[in-house]
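Its first residue numbered 22, the sequence shown is counted upward by one per residue in our numbering.
Every residue gets a Cβ at the ideal spot worked out from N, C-alpha and C, and that includes glycine.
Since this is a predicted model, take the numbers as computed values, not measurements.
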Amino acid sequence: MAFDIGSMVKVRGRDWVVLPDSTPDFLLLKPLGGSDAEVTGVFAGAGGEDVTSASFAAPSPTAFGTASGAKLLVNAAKLAIRSGAGPFRSLGRLGVEPRPYQLVPLLMALRQNPVRLLIADDVGVGKTVEAGLIARELLDRGEITRLAVLCPPHLAEQWVEELRVKFGIDAVAVLPGTARRLERDCNPGQSVFERYRSVVVSLDLVKSDRWRQDFLTNAPEFVIVDEAHASAEGEGLGAKRHQRYRLLEDLARDQERHLLLVTATPHSGKEDAFRSLLKLLHPDFAGLPLDLSGTQNENARITLARHLIQRGRKDIQDYLREDTPFPRRHEGELKYTLHPEYAELFDDVLAYARESVQVPGEVAGRTRIRWWAALGLLRALASSPQAAAATLRERALTADETDAAVIEGLGRELVFDPDPEEREAIDVTPGAQVDAPDSAATRKLLALAERADALAGQKDRKLTLLTVQVRDLVKAGFAPIVFCRFIATADAVAAHLAATLKNVEVASVTGRLTPAERVERINELAQAEARVLVATDCLSEGINLQQAFSAVIHYDLPWNPTRLDQREGRVDRYGQPAPEVRVLTIYGEDNRIDTLILDVLVRKHRLIRATLGTSIPAPDEAESLLDVLLSRVLNVDRKAVQPALFDPSEFPDVQAFDLKWRDAAEGERRSRSRFAQNAIRPDEVATELVAVRAALGDAETAHTFVLDALQGAGVIVTPSLDGTYRADPGQVDVRPEFRDFLKAAPTFRFGGAAERHVTALARNHPLVEQLASTVLGQALDDPERAMARRVGVIRTSGVSTVTTLLLLRHRFHLTGRRNKDRRKWQTLAEELDTLAYRGRADAADWLDAPDVTRLLDLPPEGNLDPVQKEERLIRALTELEDMQDALLERARKRAEALLTAHERVRGAARGVSSGVAYSVEPPGPPDLLGVYVFVPAPRPGGSA
Numbered sequence: 022m023a024f025d026i027g028s029m030v031k032v033r034g035r036d037w038v039v040l041p042d043s044t045p046d047f048l049l050l051k052p053l054g055g056s057d058a059e060v061t062g063v064f065a066g067a068g069g070e071d072v073t074s075a076s077f078a079a080p081s082p083t084a085f086g087t088a089s090g091a092k093l094l095v096n097a098a099k100l101a102i103r104s105g106a107g108p109f110r111s112l113g114r115l116g117v118e119p120r121p122y123q124l125v126p127l128l129m130a131l132r133q134n135p136v137r138l139l140i141a142d143d144v145g146v147g148k149t150v151e152a153g154l155i156a157r158e159l160l161d162r163g164e165i166t167r168l169a170v171l172c173p174p175h176l177a178e179q180w181v182e183e184l185r186v187k188f189g190i191d192a193v194a195v196l197p198g199t200a201r202r203l204e205r206d207c208n209p210g211q212s213v214f215e216r217y218r219s220v221v222v223s224l225d226l227v228k229s230d231r232w233r234q235d236f237l238t239n240a241p242e243f244v245i246v247d248e249a250h251a252s253a254e255g256e257g258l259g260a261k262r263h264q265r266y267r268l269l270e271d272l273a274r275d276q277e278r279h280l281l282l283v284t285a286t287p288h289s290g291k292e293d294a295f296r297s298l299l300k301l302l303h304p305d306f307a308g309l310p311l312d313l314s315g316t317q318n319e320n321a322r323i324t325l326a327r328h329l330i331q332r333g334r335k336d337i338q339d340y341l342r343e344d345t346p347f348p349r350r351h352e353g354e355l356k357y358t359l360h361p362e363y364a365e366l367f368d369d370v371l372a373y374a375r376e377s378v379q380v381p382g383e384v385a386g387r388t389r390i391r392w393w394a395a396l397g398l399l400r401a402l403a404s405s406p407q408a409a410a411a412t413l414r415e416r417a418l419t420a421d422e423t424d425a426a427v428i429e430g431l432g433r434e435l436v437f438d439p440d441p442e443e444r445e446a447i448d449v450t451p452g453a454q455v456d457a458p459d460s461a462a463t464r465k466l467l468a469l470a471e472r473a474d475a476l477a478g479q480k481d482r483k484l485t486l487l488t489v490q491v492r493d494l495v496k497a498g499f500a501p502i503v504f505c506r507f508i509a510t511a512d513a514v515a516a517h518l519a520a521t522l523k524n525v526e527v528a529s530v531t532g533r534l535t536p537a538e539r540v541e542r543i544n545e546l547a548q549a550e551a552r553v554l555v556a557t558d559c560l561s562e563g564i565n566l567q568q569a570f571s572a573v574i575h576y577d578l579p580w581n582p583t584r585l586d587q588r589e590g591r592v593d594r595y596g597q598p599a600p601e602v603r604v605l606t607i608y609g610e611d612n613r614i615d616t617l618i619l620d621v622l623v624r625k626h627r628l629i630r631a632t633l634g635t636s637i638p639a640p641d642e643a644e645s646l647l648d649v650l651l652s653r654v655l656n657v658d659r660k661a662v663q664p665a666l667f668d669p670s671e672f673p674d675v676q677a678f679d680l681k682w683r684d685a686a687e688g689e690r691r692s693r694s695r696f697a698q699n700a701i702r703p704d705e706v707a708t709e710l711v712a713v714r715a716a717l718g719d720a721e722t723a724h725t726f727v728l729d730a731l732q733g734a735g736v737i738v739t740p741s742l743d744g745t746y747r748a749d750p751g752q753v754d755v756r757p758e759f760r761d762f763l764k765a766a767p768t769f770r771f772g773g774a775a776e777r778h779v780t781a782l783a784r785n786h787p788l789v790e791q792l793a794s795t796v797l798g799q800a801l802d803d804p805e806r807a808m809a810r811r812v813g814v815i816r817t818s819g820v821s822t823v824t825t826l827l828l829l830r831h832r833f834h835l836t837g838r839r840n841k842d843r844r845k846w847q848t849l850a851e852e853l854d855t856l857a858y859r860g861r862a863d864a865a866d867w868l869d870a871p872d873v874t875r876l877l878d879l880p881p882e883g884n885l886d887p888v889q890k891e892e893r894l895i896r897a898l899t900e901l902e903d904m905q906d907a908l909l910e911r912a913r914k915r916a917e918a919l920l921t922a923h924e925r926v927r928g929a930a931r932g933v934s935s936g937v938a939y940s941v942e943p944p945g946p947p948d949l950l951g952v953y954v955f956v957p958a959p960r961p962g963g964s965a
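Given below as structure tokens:
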């Protein structure tokens, strides 16, 4: 027997609702009043389980409750809805509460078919949430069935976790280390990208010859490209970017594919690269004029605005008058001078380095090996005595290499800092030994290593300065992260701080740990009241740490200023509960390497960010410039001025570099100004937001419901002046189903960012969903014991005539079809509906919506005899049997209103909807969840 989507069936002694994706033989079922976690598959074919049709049971007139119970049931039913009928299908089932500004990209996406959007909001604003929200919405609408996220490999696990926790999307990571294993789970001839509906894929993996065609053939209909600027094509951007871009270009050629590009830096002064990204959105954008300013280009700007959204913090902080708090940032530079013995070692190492890179008659490849070994040694020495000693004792990783390209590539990765979107940072010490183990040069390095060992401790003034700063930060209530360049430095710093700081938990996270081990160690550390994390740049991307940490200390200066943003962005972002974050940068005042990096890169980077409000990556010539400047420090050119007299700002290459960086910043400023218009007006967002919150409940609904539910369960809740509530988890005289809540959230608040030991509850929090499903399930399955009863008779002076309130739940078939290929799909939608009438049902005087809402807030006055209550409820329920046609007409009108809302969001006339058309039909009359009769209170000297 076939069952329609949304119909009720009975099996295993329970009533269930048939969900989409069911077939005649296999039914996907959700318990009536249950949660998504209870969804079950049942085999109903030959030899399967006995499944029969069922109908929604009318409430019992004897299981009546109070006015407060009526409001509790209304709110529980609202909050339990996950498949909302409104135009935003996804908002009822998210694991995150989107901010109003995050709905703007969603509205833009829903007005396109296919979706072709470039989301370029600033770091920390929430681009991942915006992209995930669009994916979840299209999945819930049935418009897509599969998705892929293309990203750098070190971001893959973060994407997998975000999709799972916030959007309920189970994705697998397809990476060099997992692809083969995933292939083994496939059927013969089946692609990994066909086998798994949702994948997070390394872009560099699928651009390779081995995987490229497989991915293009089996790529899903929805693709998100993270760090999209790393795939832009332009002059001088290299072969790797060219390969990435060719792949994206081939994906974009499928005119039915949805493509979402995500980046914080789409322009960065590179006009040709920016244009290459725009061309992926629409081929016509390749012909846009270079200068889009002026009235003559207004139409071009308007067209582009439909595909591009680019906002900074100041643009969204007070969007729709809903505060989105970002922490204040307090920055400072801290300088130290080397201990005399450390300074002497530095001079001796510098002298050795100068000698080592100037061996007469040596082949070019060998000279470059010595060059990278010398730079690595100087960088390690500037980091810590431990990193210096380890480098001096280790053989250079390039020492035996002969291929010039390999020498250059590996040398740059070990010494410089690769772009974060290219790959994860390498944090091992590079090694300085190039010659034979028994050579004079190697013996000299080993002697220098012993001197470095002797500098650990009190002679390490950098570490002394750090210790004072960390102690002060912890005392002031901050939880700092100390970023180091090398594993040896991080481990030594962590060991020193752990031994020095009392009652402070210290842990280190480096590249020696797997990504899973890093998360585990951080989670353990986050439990400590006072905590310090010491980390290398393996942690500057991939894990957001704002919940547990509130300060960043740059113990070692990065040689790529983008790393500054990545480090600081772990804590300085939306969701940071601390009102202020601290950022401290430590440098050696008499350390030539530190002062060079500080003057040429770090300070200029910060000046541009402070002026523009966003960061601009340093020009591509940064590493080449460092090559030139460091050669001056090493005095490779014997005709150059002495290093002590060298002023980088007067060097022509530095001046040209500065000019190019400033031009890039100015280009970004013009770009942001040019595209600052809004394709979606704030009032459009406000209209839809009001409708969603009315249908599904908002933070205030969750607030009222949770406190009422806990009170009804006998839980003692104590409010505090800071807006938090505490419910003692030791309370034992409460229903078992509420103990999970007490254990998980002994202290909680409503709205705002999560805090340490405080759970922030919102409409979509799993604990709120669990309570709502519990209360609703009790009302339907066990009416005699339920806290929220489905019927009630309330005496109140708030009405002058007997008034009956009906609590209805509509189920709709939402059918979509795409005009181009005539594909058709159907989903199930639910909506709660409250309506009320005065007098008798056969001559009903229906109340307006605001008057219906006010009924639930009327205070009860006095009581009625149980027999009288039962008689009134029997009368009301009997009258309702004759109102089925009226209720079905109510459902049809609600369906019509919902269809209008869907088309309004699509921004199109009926039937076209950007190529996608919808119809909304009720399968029958709504479910009657509750009936509440309000009886006028007797006047003094009168009667009821």
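Residue i versus residue j - alpha carbon distance
i      : j      : result
GLY883 : TYR953 : 16 Å
ILE564 : GLU601 : 20 Å
GLU526 : ARG542 : 12 Å
GLU248 : PHE214 : 21 Å
SER645 : ASP42  : 57 Å
LEU827 : GLU776 : 40 Å
LEU112 : VAL150 : 12 Å
SER636 : LEU431 : 28 Å
SER229 : GLN264 : 8 Å
VAL370 : PHE672 : 25 Å
Contacts around residue i, its chain only, beta-carbon distance under 8 Å, and the 5 residues preceding and following it disregarded
i      : result
GLY62  : PHE47, LEU48, LEU49, LEU50
ARG591 : ILE502, LEU560, SER561, ILE564, ASN565, LEU566, GLN567, PHE570, VAL573
ALA958 : ARG816, THR817, SER818, GLU882, GLY883, ALA965
Own chain partners of residue i with C-beta closer than 7 Å, once the 5 adjacent residues on each side are dropped
i      : result
LEU651 : LEU396
GLU589 : VAL573, VAL604
Selected residue, minimal CA-CA separation from residue i, among the options
i      : options                        : result
GLU790 : LEU40, PRO45, GLY54            : GLY54
PRO767 : PHE295, LEU782, ASP749, GLU776 : ASP749
GLY189 : VAL181, PRO579, LEU797         : VAL181
ARG33  : ARG591, LEU131, ALA65          : ALA65
ASP704 : ARG416, GLU687, LEU124         : LEU124
SER219 : LEU115, PRO957, PHE236         : PHE236
PRO126 : GLN331, ILE637, GLU902, LEU398 : GLN331
VAL736 : LYS764, PRO669, VAL654         : LYS764
ASP679 : ASN656, ALA643, VAL706, VAL654 : ALA643
VAL455 : LEU160, LEU788, GLY386         : GLY386
GLY116 : ARG911, ASN785, ARG925, ALA401 : ASN785
ILE614 : LEU628, VAL436, GLY596, ALA497 : VAL436
GLU70  : LEU792, VAL30, ILE607          : VAL30
Cutoff 6 Å; reference residue i; Cβ partners in own chain excluding five residues on either side
i      : result
ALA862 : GLU900, MET904
ASP57  : ARG103
THR488 : THR521
LYS483 : TYR357
LEU879 : THR817, GLY819
Whole-Å CB distance - residue i paired with residue j, under 8 Å assumed
i      : j      : result
ASP577 : ARG506 : 4 Å
LYS261 : GLU610 : Going by Cβ atoms, the distance from LYS261 to GLU610 rounds to 39 Å, so no, they are not a contact pair.
ALA972 : PRO406 : A query on residue 972 cannot be resolved here, the shown segment of the chain reaching from 22 to 965 and no further.
VAL283 : LYS148 : 5 Å
**OP:** Return the chain-ordered ranges of every beta strand (DSSP E) run that is complete within the stretch 150-229 and spans a minimum of 3 residues.
**Re:** Taken in chain order, the whole beta strand (DSSP E) runs of length 3 or more contained in the stretch 150-229 are 168-172, 193-195, 219-223.
Subject >> Uninterrupted beta strand (DSSP E) stretches inside the stretch 584-672 (no shorter than 3 residues) >> reply: Counting only runs that start and end inside the stretch 584-672, the beta strand (DSSP E) elements of at least 3 residues fall at 601-609.
Original post:
Enumerated in chain order, which unbroken segments of the alpha helix (DSSP H) with a length of 4 residues or greater are wholly contained in the stretch 755-842?
Top reply: Listed in chain order, they are 760-765, 787-802.
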